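So the sequence lines, in the order shown, correspond to chains W and U.
Each position in the first sequence, counted from 1, maps to that position plus 108 in my numbering.
Position 603 of the second sequence, counted from 1, bears residue number 590 in my numbering, the numbering being contiguous throughout.
All C-beta atoms, glycine included, are put in the ideal place defined by N, C-alpha and C.
Bear in mind that the values here come from a model prediction, so they are computed numbers and not experimental data.
Data block below; observations after.
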Amino acid sequence: MTTETSSSTSNDTSTDNDTHPVIKCDSVYKIFGEQTEGLMRKSNGNVDVEEFRDAGCIFGVNNASFEVHKGEMLIVMGLSGSGKSTLLRCISRLTDTTAGSIFIDGEDLLAMNSKELIQLRRNKMGMVFQSFALLPHKTVLENIAFPLQVKGTSTQDSMKRAMDMVELVDLTGRENYFPRELSGGQQQRVGIARSLAVEPDIWFLDEPFSALDPLIRKEMQDEFLRLQEMLNKTILFVTHDFDEALRLADRIAIMKDGIIEQIDTPANIVLHPATDYVAKFTNEVPREKVLTCKNVMEEIGSDSDLSELKVPHDAVIEAVAEAVLNDPKPVAVIDDNNNTIGILHRKSIIHILFGKDEEETVSTSQVTGA
Amino acid sequence: MNNLTRHPQLVQFAVLLAVFFLLCFAIGPSENNILWRLPAFLAAVPEMLSNSVEYMMFEWMPVQIYNVEIEDYEESALLMEATRSLSRSVLFCIEFIREILVGGQKTIVAFTSWDFVSENEWAFWPALPWTVVAGVGVTLGYALSGRWLAILVGIATTYIAVFGQWEPAMETLSFVLIAAPASVLLGVFLGVLAYKSRTTEAVLMPLLNVAQTMPHFSYLVPVTVFFGVGDHAGAIATVIFATPPMIRLTLLGLKGVSPEVLEAGLMNGCNKVQLMLKVLIPTARHDILVGVNQVIMQCLAMAVIASFIGAKGLGFNLLLALNQLRIGQALELGICIVLIAVVLDKLSLGWANKQIDYFADLSFVERHKYSLIMAAILVVGVVLASLGSLIFKDGINYFYLIPHNKGLTTELFWQSGVDWMVDNWYASLQAFNTGLIVNVLVPMKNAYLGMPVLATFVLVMGIGYIVGGLRSALVVGGLLLFIASTEWWDRALITAYMATFGVVVSVVIGTIAGSLCAQNKFATKGILLVCDTFQTFPSFIYLIPVIMLFGVTDTSVLIAVIIYATIPATRYTVEGLSNVPQSLQDAGSMSGVNRMQRWLQIELPMAFPHIVLGINQTVVFALFMVIIGAMIGTDDLGQLILKSLSDKHGIGNGLMLGLCVAFIGLTVDHLIVRWSSDRKKALGLL
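Here's what the structure looks like:
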């Protein structure tokens, strides 16, 4: 199990927040079973996995430790029964955590009393659900205004704010519809708007697009990226769809049987799957869609015969492949300040696009860690 | 043989029947044989019950109470004072609403004294003219749900007024307007408690089972002991009877709320109260509204029964009409009750579905549109009423109130219809009546009474064992043991015989009618409407025509039972058949089934578990009607319950008899529900 907290790649969002993670999980366990409580008391808070297993307990979450930083999107990926939703519910404290500690903005979540918890949820957290979980008796507008009204915001203010959210998620004109009158995608837009109504810092999304048709799902993912660009929330996103995870994530945590198998950037997961289980997912992944120029560039060598063409370091290979392949000379990779930080050979691109032999791809295209 | 091994239950049943008949022949009737009849172990219990209740009521924990009239402290029992003050406040609420509607002095008296009222002639609260109440009702209907509800309210109020039933109708309304909200609130409250705590649920559930199978009459005795006689007692009895289904449906609805909605509520920062009031209850709205509908129906069904203990209104008049065998009058009153029920139901539904427009920029007039219209109606109505006193010279102001015997009536029509039937069909009706009694009913009754108690136990517990294993056998055995240990075993057998006959015929008629109607969408809708109407109709009404045709015999009771109990049998058949999955229907069509094959091989087997639940309801309805049949004169448990009503120390007897009836119902209920849920699981319908 890998629980690297600060990822090995240089992370553009983690310049000033290594000291202050927004979410911090430390050896979190969620154990189901009738005997859990008794065993827990006996073992004084220490978890002996074997002992619990023998007693017939099931591990929903097994020793999860990680941090999520401000503005970062961590996607928890796993198949059904892997414990990903349970982990999310531990962090939102919708279920009680059996052992371990969780800190939100440095505050001990598990030590909060119900009043503090309600305050935290009213002001800092928003959550989107797989089956939308809209209130069937309220209109779109009332649903979105609900968290505000619960907080005690005046009807006028909450309706005004809710109307802004309706515009944000592009549902103008449908604010007086009932959820049952909307399509799945529209319902989830309402769910998203509701979760954002209180301007939370932390945004939980529990398989938000899983119940939608493929085309709508793609559209909603784009919408989601647009919103995130605008709002820059700290996000914990749960999905069973590996492609979705690759497409959206800053970092991905892959879970199996309650254990986090690997937690890393999409590129690193594709290039260095930590376990066979992770490798199974990465085998089929189209690399050109995941890897960026920076991931595959080589160091600037002696040959300074570079092409006129320059590519940005964070562009995915798919986007630049054609241009690089059409250029006979190696292409320079530049960072945000227009400094050349490496070069890209046609050979590397061809390897990524067509190379079946992963080992070779990796060795020739020197993956950089900062 | 192959067939038998494949269906082990059939073999078990065959053996069981063989043993049963063997026992029937082996054990002869004899007073002292314990296998023939159990001795009445519980014979002393009713007496003890009565005594302990009376002790609690009149002697337990005496307190000093200041009596205004004799201006001194007097000793009174705590419980008595508690029930008295409850009675007083309920009565005050009922009187208050009643006097707004039909006028009176009691509310004024409550704040002053009788002396004050008799000294000051002006101290009389005038009734609202019926036109005002009708107009306000119509406006309310329009405001809540639009044109159609307004029309319905208009028709209902006009009907009631024109047929001269305004005053009793308003009396009934005032009592329903207290009892129904009280039942709904209490039901939701207890439902929420049961949802929150498993222990409460475990305690509440068996109580609800008994409460819902106890005949209405047996509630009346304890209520009169605790609360006396009058409108308040009627309202309290109604609340006791109408609350159980509300509790059940609230719990059902709350349990059905999806966990994600609950989590969404939590994540939006609801505290416990907000979560319950703003998330859970509104989301469970569908079931809760069904509960409200049930409560309103129960309240009006109780209108007649409550009149036994002094509730005024339509029910009381209906009872009078029944006693005088005036079918037309009773029918008109019955329609009034149905109309009130339907209007209240639709109004509450409209209120619950009301939508608010937040961004409408309205002026004062627009915002208070309906209140202003209602105020205008009040003014117009009052003016019209005072004009009316000038126009109508015969002392009756038709714009104010149409008195009891001055309205329209269709009585003559119905009366002559019945007369005609009696004149022309008398001979054949009598022949049918005697034939049925001599050839079917008497032998059946004797067969039931000829069962040794041991054989009954073996049969019922054996079925219990086959259907649900040892646990079911013990449950039904326990219920039966209770009845067998009272002194009323023979009476219980008679009740059982009438119920059985009623149920069998009802189920046959109901299943056939239901199956025929389910073939067609319009017929389906129509039959469900008919079922609703018949169910809301006060069940007493069914007694009148049958008495006229068949006299005071078991036949009359049984026909009334059949009419009433066919309703659930039909309803559940229709529901079961129309809920057969469409994919299955399509699969049938693609296999080329004809109508008969579709019905026999696809629809009926799939709908059967649901139909069986309908049979369960049929049993409850039949028992209920058999007990009411005591009004005509039967010799079963019902007659004893009716007797205990008029007995001052009847509370023990009344309760025990009620329990006996309830336990007959629960025995059948247990077996049927058990079988049906197993079967539904097997078919994947749950």
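Review point. Would you say Met185(W) reaches chain U, if we count a Cβ-Cβ gap shorter than 8 Å as a contact?
Key: The count along the first sequence starts at 1 and reaches residue 185(W) at position 77. Met185(W) does not count as touching chain U.
**Study point:** Rounded straight-line distance, which links the Cα of Phe345(W) to that of Leu256(W)
**Key:** As a position in the first sequence, residue 256(W) is number 148, starting the count at 1. As a position in the first sequence, residue 345(W) is number 237, starting the count at 1. Near 23 Å, if we compare the C-alpha coordinates of Phe345(W) and Leu256(W).
Review point. So, is Glu562(U) buried or exposed, given that buried needs 16 or more other C-beta atoms within 10 angstroms?
Key: What you label residue 562(U) is simply residue 575 of the second sequence in a count that begins at 1. So Glu562(U) counts as buried.
Check your understanding: With 8 Å set as the bound, which would you pick, yes or no: does the beta-carbon of Thr270(U) sit closer than that to a beta-carbon of chain W?
Key -> Mapped onto the second sequence, residue 270(U) falls at position 283. So yes, Thr270(U) belongs to the interface.
**Study point:** Sub-8 Å separation of Met35(U) and Gly639(U) beta-carbons
**Key:** Here residue 35(U) is taken as the residue at index 48 of the second sequence, counted from 1. Here residue 639(U) is taken as the residue at index 652 of the second sequence, counted from 1. In contact: Met35(U) and Gly639(U) (Cβ atoms closer than 8 Å).
Review point. Hey, which unbroken runs of the alpha helix (DSSP H) at 4 residues or more fall wholly within the region 345 to 420 of chain W?
Key: 350 to 356, 374 to 379, 384 to 390, 401 to 404
Exercise for review: Consider the Cβ of Met273(W): report whether some Cβ of chain U lies at a distance smaller than 8 Å.
Suggested key: Start at 1 with the first residue of the first sequence, and residue 273(W) comes out as number 165. So no, Met273(W) is outside the interface.
**Study point:** Chain-ordered chain W contacts of Val266(U) [CB-CB under 7 Å]
**Key:** Numbered from 1 along the second sequence, position 279 holds the residue referred to as residue 266(U). Here the neighbours are Leu243.
Practice item. Could you tell me whether the Cβ of Ala251(U) comes closer than 8 Å to any Cβ of chain W? Key: Along the second sequence, one-based indexing puts residue 251(U) at 264. Interface residue, yes.
Exercise for review: Taking a Cβ distance cut-off of 8 Å, strictly less, list which residues of the region 186 to 205 of chain W are near chain U, in chain order.
Suggested key: Arg197, Ser200, Leu202
Check your understanding: Going straight from the alpha carbon of Ile210(W) to that of Lys192(W), what length do you get?
Key -> Taking the first residue of the first sequence as 1, we reach residue 210(W) at position 102. Taking the first residue of the first sequence as 1, we reach residue 192(W) at position 84. C-alpha separation (whole angstroms): 16 Å.
Check your understanding: Per DSSP, Pro430(U) forms a beta bridge with which residues?
Key -> Working through the second sequence from its first residue, we reach residue 430(U) at position 443. Bridge partners of Pro430(U): none, in fact.
Practice item. Measure the alpha-carbon distance for Ile95(U) versus Ala114(U) and round it to whole angstroms. Key: Translated into the one-based positions of the second sequence, residue 95(U) becomes position 108. Translated into the one-based positions of the second sequence, residue 114(U) becomes position 127. Answer to the nearest angstrom: the Cα atoms are 14 Å apart.
Practice item. Please name the residue or residues paired with Leu461(W) in a DSSP beta bridge. Key: One-based indexing of the first sequence puts residue 461(W) at position 353. None, per the DSSP bridge assignment.
Practice item. Determine the direct distance from the alpha carbon of Leu446(U) to that of Ile14(U), and round the result to whole angstroms. Key: By one-based count along the second sequence, residue 14(U) stands at place 27. By one-based count along the second sequence, residue 446(U) stands at place 459. Spanning the two alpha carbons is a distance of roughly 15 Å.
**Study point:** Identity of the residue in Tyr53(U), Lys356(U), Gly437(U), Asn384(U) nearest Cys11(U) by Cα
**Key:** Numbered from its first residue, the second sequence carries residue 11(U) at position 24. Answer by Cα proximity: Gly437(U).
Check your understanding: Can you name the residues that DSSP bridges to Asp102(U)?
Key -> Taking the first residue of the second sequence as 1, we reach residue 102(U) at position 115. Answer by DSSP bridge pairing: none, since Asp102(U) is not bridged.
Practice item. Kindly indicate which residue of Pro436(W), His421(W), Lys437(W), Ala429(W) has the alpha-carbon position closest to the one of Asn447(W). Key: Sequence index remark: in the first sequence, residue 447(W) carries index 339 (1-based). If we check each option's Cα against that of Asn447(W), His421(W) comes out closest.
**Study point:** Ala27(U) vs Thr443(U) beta-carbon contact at 8 Å
**Key:** Along the second sequence, one-based indexing puts residue 27(U) at 40. Along the second sequence, one-based indexing puts residue 443(U) at 456. No, the Cβ-Cβ distance between Ala27(U) and Thr443(U) is not below 8 Å.
Check your understanding: With a CB to CB cut of under 7 Å and the five nearest residues on each side skipped, what residues in its chain are close to Trp586(U)?
Key -> Within the second sequence, numbered from 1, the residue matching residue 586(U) stands at position 599. Counting only Cβ-Cβ distances below 7 Å, and skipping sequence neighbours, we find Ser502.
Check your understanding: If the cut is a Cβ gap below 8 Å, which residues of chain U does Arg230(W) touch?
Key -> Mapped onto the first sequence, residue 230(W) falls at position 122. Near Arg230(W) (Cβ distances below 8 Å), the residues of chain U are Asn255, Gly256.
Review point. Going by the CB atoms, is the gap between Arg297(W) and Gln329(W) shorter than 8 Å?
Key: The residue you call residue 329(W) lines up with position 221 of the first sequence. The residue you call residue 297(W) lines up with position 189 of the first sequence. Against a cut-off of 8 Å, the Cβ pair of Arg297(W) and Gln329(W) comes out as no contact.
Check your understanding: Using a C-beta to C-beta distance shorter than 8 Å, which residues of chain U count as neighbours of Ile226(W)?
Key -> Reading the first sequence from its first residue, position 118 is the one you call residue 226(W). Near Ile226(W) (Cβ distances below 8 Å), the residues of chain U are Gly256, Cys257, Asn258.
Check your understanding: If we cut at 8 Å on Cβ distances, does Glu353(U) have a partner in chain W?
Key -> The residue given as residue 353(U) occupies position 366 in the second sequence. For Glu353(U), the answer is no, since every Cβ of chain W falls outside 8 Å of its Cβ.
Check your understanding: Quick one: what does DSSP say Phe379(U) is sitting in, helix, strand or coil?
Key -> Sequence index remark: in the second sequence, residue 379(U) carries index 392 (1-based). Reduced to three states, the DSSP call for Phe379(U) is coil.
Practice item. Please list the partners that Ser245(U) has in chain W, where partner means a Cβ-to-Cβ separation under 8 Å. Key: Locating residue 245(U) in the second sequence gives position 258, counting from the first residue. What Ser245(U) touches in chain W: Ser239, Ala241.
Practice item. Taking 8 Å as the threshold, find out whether the region 246 to 256 of chain W comes into contact with the region 255 to 268 of chain U through three or more Cβ pairs. Key: yes
Check your understanding: Along chain U, in chain order, which residues have C-beta atoms closer than 7 Å to that of Met233(W)?
Key -> To locate residue 233(W), count along the first sequence from 1; it is residue 125. Met254, listed in chain order.
Review point. If we call anything under 8 Å between Cβ atoms a contact, is Leu287(U) one with Thr540(U)?
Key: On the second sequence, position 300 is the one that residue 287(U) refers to. On the second sequence, position 553 is the one that residue 540(U) refers to. No, they are not a contact pair.
Check your understanding: Ordered along the chain, which non-local residues of its own chain (more than five positions away) have a Cβ less than 6 Å from that of Leu177(U)?
Key -> What you label residue 177(U) is simply residue 190 of the second sequence in a count that begins at 1. Cβ neighbours of Leu177(U) beyond the five flanking positions: Ile234.
Check your understanding: Is there at least one non-hydrogen atom of the ligand MN closer than 7 Å to the beta-carbon of Arg149(W)?
Key -> Among the components of this structure there are no ligands whatsoever, and the ligand MN is therefore not found.
Review point. So the alpha helix (DSSP H) Ile528(U) belongs to, where does it begin and stop?
Key: Against the second sequence, residue 528(U) aligns to sequence position 541. No alpha helix (DSSP H) contains Ile528(U), which DSSP labels as neither H nor E.
**Study point:** Separation of Cys504(U) from Leu29(U), as counted between CA atoms
**Key:** Numbered from its first residue, the second sequence carries residue 29(U) at position 42. Numbered from its first residue, the second sequence carries residue 504(U) at position 517. Going from the Cα of Leu29(U) to the Cα of Cys504(U) covers about 48 Å.
Practice item. Verify the CB distance criterion: does Asp358(W) have a CB-CB separation below 8 Å to chain U? Key: Indexing the first sequence from 1 puts residue 358(W) at position 250. With 8 Å as the cut-off, Asp358(W) does not count as an interface residue toward chain U.
**Study point:** Beta carbon proximity, Val248(U) to chain W, threshold 8 Å
**Key:** Your numbering for residue 248(U) matches position 261 in the second sequence. So, interface residue.
Point to revise | Simplified DSSP state of Ile659(U), which is helix, strand or coil | key: Walking along the second sequence from the start, residue 659(U) turns up at place 672. Helix at Ile659(U).
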